[in-house]
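What follows is a set of notes on a single structure, which appears directly below.
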Amino acid sequence: MIIVIGGIKGGAGKSTIAANLAARRSTEHKVLLVDGDEQETTTLWAATRSENFPDKSENLTCIQLRGRATRDEVLKLSTHYQDVLIDVGGRDTTTQRAALTIANLVLLPLPPRGPDIWTLDKVAELLADVRIVNPSLSAWAFLNRADASGTDNQDAMQMISDTPGIELIPPCIGDRKAFPNAHTQGLSVMEVKPHSQKAVKELEELYQYCFDSDIVLNKN
Ligand SMILES: Nc1ncnc2c1ncn2[C@@H]1O[C@H](COP(=O)(O)OP(=O)(O)O)[C@@H](O)[C@H]1O
Ligand SMILES: [Mg+2]
């Protein structure tokens with residue numbers, strides 16, 4: 486599978502989710518993690534991981550790609566890996582578009598906040614463009630950094646459900662310190678100490694949903 490962790494807003498949690506899913510997936514499969522953002526968050530995460538935990542990095546290779554090469558090189562490399570996860574920058578870039586043309590799935594982490602939710606229409610337009618060349622592309626949005634209480638989560642989920650071409654999926658990730666704690670150490674929330682049971686459970690739910698081959702195959 487080729488999965489883009491996309492969207493056009495910085496700070497939504499793309500790099501965090503990409504790293505966590507890649508780490509989790511690499512416990513079972515050979516994973517290629519592509520950093521398509523010039524901010525290089527994912528490259529730094531992977532470098533920290535390789536340096537501090539070389540044993541955890543065996544099944545996880547991280548490379549940087551930008552622009553059209555994101556399509557061409559991933560297509561060549563994808564035969565060597567079970568899964569490719571592509572983290573992109575928080576804008577509508579050639580890199581993101583190139584990645585989306587070859588992806589099976591784009592995951593859209595969305596904090597339940599106005600500035601993030603307001604990008605949905607633009608993301609839908611971007612996806613409509615890309616589907617001209619990649620009609621089977623699935624787009625799944627979920628809440629990231631969700632609130633513990635209040636009505637903002639529900640409002641955001643309604644806005645996602647109302648956006649054509651984007652599907653709201655059930656997994657939901659709360660705002661949990663374990664994510665930045667793990668990320669700065671080159672780890673996932675599954676691996677970091679102290680353990681956050683809630684973060685682990687939420688990530689596992691997202692992981693199972695994304696890599697449940699039946700769900701994805703039925704979509705495509
Ligand atoms: N579920 C979460 N809980 C708490 N903090 C989070 C969560 N997801 C992301 N963050 C934090 O939000 C900030 C932006 O996340 P990042 O993954 O870099 O976003 P993006 O790649 O979309 O720009 C980072 O400081 C990250 O640690
Ligand atoms: Mg990022």
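Letter 40 of the sequence shown, counting from 1, is numbered 525 in my numbering, and no numbers are missing. Cβ coordinates follow ideal geometry from the N, Cα and C atoms, glycine included.
Check                                                                                                  : Outcome
Buried or exposed by the 16-neighbour rule on C-beta atoms within 10 Å, applied to G491                : buried
Distance cut-off 7 Å: K499 Cβ against heavy atoms of ligand 2                                          : yes
Buried or exposed (CB count within 10 angstroms, at least 16 for buried), G552                         : exposed
Proximity test, D606 beta-carbon vs ligand 1 heavy atom, cut-off 7 Å                                   : no
Per-residue DSSP class, three states only, for I493                                                    : coil
Check: D522 C-beta below 7 Å from any heavy atom of ligand 2                                           : yes
Alpha-carbon to alpha-carbon, A667 and S634                                                            : 24 Å
Buried/exposed call for Q581, threshold 16 Cβ in 10 Å                                                  : buried
Touching by the beta-carbon criterion (3+ pairs, under 8 Å), the region 657-665 and the region 675-690 : yes
Per-residue burial, D572 [other beta carbons within 10 Å of its own, 16 or more giving buried]         : buried
Same chain, Cβ closer than 6 Å to T579, five either side skipped, listed in chain order                : G552
Heavy atom of ligand 1 within 7 Å of G491 beta-carbon                                                  : no
Three-way DSSP call (helix, strand, coil) for S634 in this model                                       : coil
Option nearest T669 by Cα separation, candidates E525, P596, L529                                      : L529
Span of the alpha helix (DSSP H) around G599                                                           : 599-602
As assigned by DSSP and simplified to three states, the class of N705                                  : Low confidence applies here, because N705 scores a pLDDT of 49, under 50, leaving its location unreliable; read the following figure in that light. Reduced to three states, the DSSP call for N705 is coil.
Option in G495, K515, S563 with minimal Cα separation from E523                                        : G495
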